[in-house]
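Comments concern the structure below.
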Amino acid sequence: MYYVYVLASLKNGRLYTGHTNDIQRRLLEHNSGQTPSTRSKGPYRLIHLEKFPSRSEAYCREMYFKTGQGREDLKIILRRMKFIFRS
34 MYYVYVLASL KNGRLYTGHT NDIQRRLLEH NSGQTPSTRS KGPYRLIHLE
84 KFPSRSEAYC REMYFKTGQG REDLKIILRR MKFIFRS
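Under this note's numbering, the first residue of the sequence shown carries the number 34, and numbering increases by one thereafter.
Laid out in C-alpha coordinates, this is it:
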(Lines of atoms letter the chains of each structure in order from A and count residues from 1; the text may use other names and numbers.)
(Lines give C-alpha, C1' and ligand atoms only; values in the text may rest on other atoms or scores of the structure.)
Protein backbone atom coordinates (compact mmCIF):
# COMPACT_ATOMS: atom_id res chain seq x y z
CA MET A 1 0.00 0.00 0.00
CA TYR A 2 1.03 3.57 -0.68
CA TYR A 3 -0.20 6.71 1.00
CA VAL A 4 -0.60 10.37 0.13
CA TYR A 5 -0.22 12.45 3.24
CA VAL A 6 -0.63 16.07 4.19
CA LEU A 7 1.31 17.50 7.09
CA ALA A 8 0.74 20.81 8.85
CA SER A 9 3.67 22.66 10.35
CA LEU A 10 3.05 23.44 14.00
CA LYS A 11 5.57 26.27 13.61
CA ASN A 12 3.92 28.28 10.83
CA GLY A 13 0.76 26.39 9.76
CA ARG A 14 2.00 25.66 6.24
CA LEU A 15 1.04 22.41 4.56
CA TYR A 16 3.34 19.79 3.05
CA THR A 17 2.11 17.00 0.76
CA GLY A 18 3.98 13.81 -0.07
CA HIS A 19 3.62 10.09 -0.72
CA THR A 20 5.17 7.03 0.91
CA ASN A 21 4.72 3.34 1.61
CA ASP A 22 5.51 3.77 5.33
CA ILE A 23 3.70 6.72 6.88
CA GLN A 24 5.13 6.29 10.40
CA ARG A 25 8.72 6.26 9.12
CA ARG A 26 8.08 9.25 6.88
CA LEU A 27 6.50 11.34 9.62
CA LEU A 28 9.45 10.53 11.88
CA GLU A 29 11.85 11.63 9.10
CA HIS A 30 10.02 14.95 8.72
CA ASN A 31 9.91 15.61 12.46
CA SER A 32 13.54 14.66 13.06
CA GLY A 33 14.87 17.01 10.36
CA GLN A 34 15.97 14.31 7.91
CA THR A 35 14.00 15.85 5.04
CA PRO A 36 15.74 18.97 3.65
CA SER A 37 12.57 20.64 2.34
CA THR A 38 10.85 20.51 5.73
CA ARG A 39 13.82 20.63 8.10
CA SER A 40 13.39 24.19 9.37
CA LYS A 41 9.60 24.23 9.51
CA GLY A 42 8.80 21.37 11.92
CA PRO A 43 7.43 19.86 14.01
CA TYR A 44 4.59 18.50 11.89
CA ARG A 45 1.19 16.99 12.50
CA LEU A 46 -0.44 14.53 10.11
CA ILE A 47 -3.77 16.04 9.06
CA HIS A 48 -4.83 14.00 6.01
CA LEU A 49 -4.08 10.52 4.68
CA GLU A 50 -5.29 8.63 1.60
CA LYS A 51 -4.44 5.00 0.74
CA PHE A 52 -3.69 3.68 -2.77
CA PRO A 53 -2.83 0.22 -4.13
CA SER A 54 0.07 1.43 -6.27
CA ARG A 55 2.86 3.98 -6.08
CA SER A 56 1.84 5.52 -9.41
CA GLU A 57 -1.69 6.22 -8.17
CA ALA A 58 -0.37 7.79 -4.97
CA TYR A 59 2.12 9.88 -6.94
CA CYS A 60 -0.63 11.14 -9.29
CA ARG A 61 -2.78 12.17 -6.33
CA GLU A 62 0.17 13.93 -4.69
CA MET A 63 0.88 15.84 -7.92
CA TYR A 64 -2.80 16.77 -8.18
CA PHE A 65 -2.77 18.22 -4.65
CA LYS A 66 0.18 20.38 -5.74
CA THR A 67 -1.82 22.02 -8.55
CA GLY A 68 -4.00 25.09 -8.07
CA GLN A 69 -7.24 23.10 -8.30
CA GLY A 70 -5.80 20.36 -6.09
CA ARG A 71 -4.92 22.87 -3.37
CA GLU A 72 -8.45 24.25 -3.51
CA ASP A 73 -9.94 20.74 -3.29
CA LEU A 74 -7.65 19.93 -0.37
CA LYS A 75 -8.86 23.05 1.45
CA ILE A 76 -12.43 21.83 1.01
CA ILE A 77 -11.52 18.38 2.34
CA LEU A 78 -9.78 19.90 5.35
CA ARG A 79 -12.64 22.30 6.06
CA ARG A 80 -15.03 19.36 6.09
CA MET A 81 -12.78 17.73 8.66
CA LYS A 82 -12.84 21.01 10.62
CA PHE A 83 -9.08 21.43 10.33
CA ILE A 84 -8.15 25.04 10.93
CA PHE A 85 -5.04 26.34 9.17
CA ARG A 86 -3.48 29.65 8.30
CA SER A 87 -3.71 30.76 4.69
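Even glycine gets a Cβ: it sits at the ideal position worked out from N, Cα and C. Here the structure is a predicted model, which means the values were calculated and not measured.
Rounded separation between residue i and residue j - CA only
{"i": "ARG88", "j": "HIS63", "result": "20 Å"}
{"i": "GLY103", "j": "CYS93", "result": "11 Å"}
{"i": "THR50", "j": "LEU79", "result": "10 Å"}
{"i": "THR100", "j": "LEU48", "result": "13 Å"}
{"i": "TYR36", "j": "MET114", "result": "18 Å"}
{"i": "ARG59", "j": "THR71", "result": "12 Å"}
{"i": "TYR77", "j": "VAL39", "result": "10 Å"}
{"i": "GLY66", "j": "GLU95", "result": "21 Å"}
{"i": "ALA91", "j": "ASN45", "result": "26 Å"}
6 Å CB neighbourhood of residue i in its chain, flanking five on each side removed
{"i": "MET34", "result": "LYS84"}
Buried/exposed call for residue i, threshold 16 Cβ in 10 Å
{"i": "LYS105", "result": "In the sequence as presented, Lys is not what sits at residue 105; that position holds Glu. Counting Cβ neighbours within 10 Å, GLU105 comes out exposed, since fewer than 16 surround it."}
{"i": "LEU61", "result": "exposed"}
{"i": "LEU82", "result": "exposed"}
{"i": "SER73", "result": "exposed"}
{"i": "SER120", "result": "Caution applies to SER120, whose pLDDT of 46 falls short of 50 and renders its modelled position unreliable; the model cannot decide the point."}
Cβ distance (whole Å) where residue i is taken to contact residue j below 8 Å
{"i": "LEU20", "j": "PHE98", "result": "This structure cannot settle anything about residue 20, because the visible part of the chain is limited to 34 through 120."}
Sequence-distant residues of its chain with Cβ nearer than 8 Å to residue i (five each side left out)
{"i": "LEU43", "result": "GLY75, PRO76, TYR77 and ARG78"}
Endpoints, the beta strand (DSSP E) within which residue i is located
{"i": "SER42", "result": "35 to 42"}
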